[in-house]
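Throughout, our numbering is defined as the position within the sequence shown, counted from one, plus 14. Below is one structure; the comments refer to it alone.
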Amino acid sequence: MQTKSRNCICQDTQRHFLRRAFDSLELEDAQRELLISSFRETRFSIHIMLRRNGGDILRTFQGYRVQHNHARGPFKGGLRYHPEINQGEIRALAQLMTWKTALIDIPFGGAKGGIAIDPAELDSWELEVLTKRFAQKMEPLLGVHQDIPAPDMGTNAQVMAWILEEYSKTHGYTPGIVTGKPVELSGSQGREEATGYGVACITRKVVSGMPLPIKDVRVVIQGFGNVGSHTARGLSKMGARIIALSDLKGAVYSEAGIDVEAAVSHVAQTGWLQGLDATEQLSNDELLELPCDILIPAALEAVINCDNAGSIKAKVIVEAANMPTTHQADTQLRERGVMIVPDILANAGGVLTSYYEWVQNLQEFPWEYESVMRRLEQRMLRVYGEVSHYADENQIDMRTAAYEIAIGRVSRAIQLRGF
Ligand code: NAD
Numbered sequence: 015m016q017t018k019s020r021n022c023i024c025q026d027t028q029r030h031f032l033r034r035a036f037d038s039l040e041l042e043d044a045q046r047e048l049l050i051s052s053f054r055e056t057r058f059s060i061h062i063m064l065r066r067n068g069g070d071i072l073r074t075f076q077g078y079r080v081q082h083n084h085a086r087g088p089f090k091g092g093l094r095y096h097p098e099i100n101q102g103e104i105r106a107l108a109q110l111m112t113w114k115t116a117l118i119d120i121p122f123g124g125a126k127g128g129i130a131i132d133p134a135e136l137d138s139w140e141l142e143v144l145t146k147r148f149a150q151k152m153e154p155l156l157g158v159h160q161d162i163p164a165p166d167m168g169t170n171a172q173v174m175a176w177i178l179e180e181y182s183k184t185h186g187y188t189p190g191i192v193t194g195k196p197v198e199l200s201g202s203q204g205r206e207e208a209t210g211y212g213v214a215c216i217t218r219k220v221v222s223g224m225p226l227p228i229k230d231v232r233v234v235i236q237g238f239g240n241v242g243s244h245t246a247r248g249l250s251k252m253g254a255r256i257i258a259l260s261d262l263k264g265a266v267y268s269e270a271g272i273d274v275e276a277a278v279s280h281v282a283q284t285g286w287l288q289g290l291d292a293t294e295q296l297s298n299d300e301l302l303e304l305p306c307d308i309l310i311p312a313a314l315e316a317v318i319n320c321d322n323a324g325s326i327k328a329k330v331i332v333e334a335a336n337m338p339t340t341h342q343a344d345t346q347l348r349e350r351g352v353m354i355v356p357d358i359l360a361n362a363g364g365v366l367t368s369y370y371e372w373v374q375n376l377q378e379f380p381w382e383y384e385s386v387m388r389r390l391e392q393r394m395l396r397v398y399g400e401v402s403h404y405a406d407e408n409q410i411d412m413r414t415a416a417y418e419i420a421i422g423r424v425s426r427a428i429q430l431r432g433f
């Protein structure tokens, strides 16, 4: 599947899931329009000089910031550096943030942004210059109570530090302007592992409803980056049997269970999972179709689609990645009785901990690691309980339930504020 078509598939999928929730809530067209329209969409041209082959060349990159909705609080959402991004994709991701922040019940709205660039094309100095120019252009939109970016694909804590520096030049030291910062620059303890740990907590909760002890539950995880590796580590510490893991190069499998800490060390040494001791090599396609109890996609969008939905054997899918399941696959799997814990719930631990980081910055009082993780786990489980209860009560799937709860909260805020 090409990246371009993957973007289109994700936008279609998002529209489909929203329509399902809007229909179920019996919303009128005008209400739907109000909920899906962006508050503001901004496109920037960012010019920088690059030194190539002994000479300077001027390059222009397109940057975006889509602010979808701020009825419940400041706009919140990541910045993505990726060559294929476009305004449509950023718009869909900004909307997803609005529903995610509402569902996890933090006082933020939704936004997303980024630059159409492959960050690997630039050296660190060029990336710093590009990021600071982008921050200058975004400056009128940003504010601790207005719009707070965070890292996303292709960006990281260092990129947030550069934005903090640029913003602080005119506003004084303002750590609350971005989240996902280095801990040394007022970032939060636990932010790095937060998304994966949240996925692990939710998965353990799902397992508690199965007629199997956690040590006998077979878990398969696609993707071993930030989210996948911390999900695997969390679940492994909780006693689960991780039978397969994968990265861009392929999958490793052991029916007896993989030693996750050995996998982390192996990746630190070699860069990849390939060749991990006591495992067999599989392809990523084979991994998705392995017989298992829980499948956790933690890599890319649209990996579970019409081509493979019929072959997926997992009883439960916990969506750690954003939009890993297309709407057609979602329908097929639900008809077969596969339970899907949707992305806006499963991976919300990241933005939840971003909120905790922002609160610590406003308070100018850092929290201990244990305090962050305890609050993260408690909130994730509380919201999981709310979504499960709503789904059972209304005889609907968890995704529609999650969207309905989120849409209800955003609609209510709009009504109360009298937009
Ligand atoms: P990452 O770049 O750290 O890791 C991605 C992993 O996926 C890597 O192991 C990579 O090798 C693997 N991968 C890439 N292409 C693949 C392919 N074709 N097949 C199999 N594996 C492949 O990214 P991440 O931060 O872990 O994010 C993963 C997903 O989780 C994304 O969808 C992201 O939007 C979502 N997400 C991340 C966060 C966060 O806090 N990092 C929060 C919410 C959602």
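Note that beta-carbon positions come from the ideal geometry of N, C-alpha and C, so glycine has one too. Please read these numbers as outputs of a predicted model, since none were measured by experiment.
Run of the beta strand (DSSP E) containing Y78, from where it starts to where it stops
Working through the sequence shown from its first residue, we reach residue 78 at position 64. Counting along the chain, the beta strand (DSSP E) containing Y78 begins and ends at 69-83.
Considering only the beta carbon of each residue, do P356 and M412 sit closer than 8 Å?
Here residue 356 refers to the residue found at position 342 of the sequence shown. Here residue 412 refers to the residue found at position 398 of the sequence shown. Their beta carbons are under 8 Å apart, which means P356 touches M412 by this criterion.
Whole-angstrom distance between G248 and G239, CA atom to CA atom:
Sequence index remark: in the sequence shown, residue 239 carries index 225 (1-based). Sequence index remark: in the sequence shown, residue 248 carries index 234 (1-based). The alpha-carbon atoms of G239 and G248 are separated by roughly 14 Å.
Are there any heavy atoms of the ligand NAD lying less than 7 Å away from the beta-carbon of L390, as far as the coordinates show?
The sequence position of residue 390 within the sequence shown is 376, counting from 1. Checking the Cβ of L390 against the ligand NAD gives no.
Let me confirm a value: L117 is counted as buried when at least 16 other C-beta atoms fall within 10 Å, else exposed. Which label applies?
Walking along the sequence shown from the start, residue 117 turns up at place 103. Looking at its Cβ environment, which holds 16 or more other Cβ atoms inside 10 Å, L117 is buried.
Run the CB neighbour count on S279, radius 10 Å, all protein chains shown included, and call it buried at 16 or more, exposed below.
To locate residue 279, count along the sequence shown from 1; it is residue 265. So S279 counts as exposed.
Locate the alpha helix (DSSP H) running through M337, then write down its first and last residues.
Walking along the sequence shown from the start, residue 337 turns up at place 323. Run containing M337: none; DSSP gives neither H nor E here.
Relative to the alpha-carbon of T4, which residue among H185, A208, Q429 has its alpha-carbon at the smallest distance?
Any property of residue 4 remains undetermined from this structure, which presents the chain solely from 15 to 433.
I need the straight-line Cα distance from T367 to R205, nearest angstrom please.
As a position in the sequence shown, residue 367 is number 353, starting the count at 1. As a position in the sequence shown, residue 205 is number 191, starting the count at 1. Between T367 and R205, the C-alpha separation is close to 6 Å.
Could you pull the DSSP bridge partners for R255 from this structure?
As a working note, residue 255 is residue 241 in the sequence shown. R232.
In the DSSP assignment, the beta strand (DSSP E) including D161 goes from what residue to what residue?
Walking along the sequence shown from the start, residue 161 turns up at place 147. Counting along the chain, the beta strand (DSSP E) containing D161 begins and ends at 161-165.
Going by the DSSP bridge assignment, what does T56 pair with across the sheet?
For the purposes of this step, residue 56 is identified with residue 42 of the sequence shown, where counting begins at 1. DSSP lists R79 as partners of T56.
If you count every other CB in all the chains shown that lies within 10 Å of the CB of F148, and 16 or more means buried, which is it?
Here the question's residue 148 lines up with position 134 in the sequence shown. Classification of F148: buried, given that the 10 Å Cβ count is 16 or more.
With DSSP run on the structure shown, which of helix, strand or coil describes F148?
Residue numbering aside, residue 148 sits at position 134 when the sequence shown is read from its first letter. Helix at F148.
Between the alpha carbons of L347 and D70, how many angstroms are there, rounded?
One-based indexing of the sequence shown puts residue 347 at position 333. One-based indexing of the sequence shown puts residue 70 at position 56. The straight-line gap from Cα to Cα measures roughly 53 Å.
If you draw a straight line from the C-alpha of M435 to the C-alpha of R65, how long is it?
Since the first residue shown for the chain is 15 and the last is 433, residue 435 is missing from the structure and cannot be characterised.
Please name the residue, chosen from E333, A334, R423, E349, that lies closest to G324 on a Cα-to-Cα basis.
Within the sequence shown, the letter at position 310 stands for residue 324. Nearest option by C-alpha distance: E349.
Is any non-hydrogen atom of the ligand NAD found closer than 7 Å to the C-beta of M353, if you look at the structure I gave you?
Mapped onto the sequence shown, residue 353 falls at position 339. Checking the Cβ of M353 against the ligand NAD gives no.
Is it the case that the Cβ atoms of P154 and G123 are separated by a distance below 8 Å?
The count along the sequence shown starts at 1 and reaches residue 154 at position 140. The count along the sequence shown starts at 1 and reaches residue 123 at position 109. No, these two residues do not count as a Cβ contact at 8 Å.
Helix, strand or coil at Q16 according to DSSP, with G and I counted as helix:
The residue given as residue 16 occupies position 2 in the sequence shown. Residue confidence is low: Q16 scores 47 on pLDDT, short of 50, so the model does not pin down where it sits. No coordinate-derived value is stated.
Identify which residue in S385, R94, A415 has its Cα closest to the Cα of A125.
Counting from one through the sequence shown, the residue named residue 125 turns up at place 111. If we check each option's Cα against that of A125, R94 comes out closest.
Could you tell me which whole alpha helix (DSSP H) segments of length 4 or greater appear in the region 290-367?
298-302, 341-349, 357-360
Answer with buried or exposed for R20, where buried requires no fewer than 16 other C-beta atoms within 10 angstroms of its C-beta.
For the purposes of this step, residue 20 is taken as residue 6 along the sequence shown, with counting starting at 1. The residue in question, R20, is buried, as its Cβ has 16 or more Cβ neighbours within 10 Å.
So is the beta-carbon of S279 under 7 Å away from any non-hydrogen atom of the ligand NAD?
Along the sequence shown, one-based indexing puts residue 279 at 265. No, the ligand NAD has no heavy atom inside 7 Å of this Cβ.
I need the DSSP call for K86, collapsed to helix, strand or coil.
Walking along the sequence shown from the start, residue 86 turns up at place 72. Before going on, a small fix: residue 86 reads as Arg here, not Lys. Here R86 sits in coil by DSSP.
Look up K126 in the DSSP assignment and give the residues it is bridged to.
As a first step, residue 126 must be located in the sequence shown, where it is residue number 112. The partner list for K126 (beta bridge, DSSP) reads V80.
Determine the burial state of A312: buried for a count of at least 16 other Cβ atoms within 10 Å of its Cβ, exposed for fewer.
Locating residue 312 in the sequence shown gives position 298, counting from the first residue. Result: buried.
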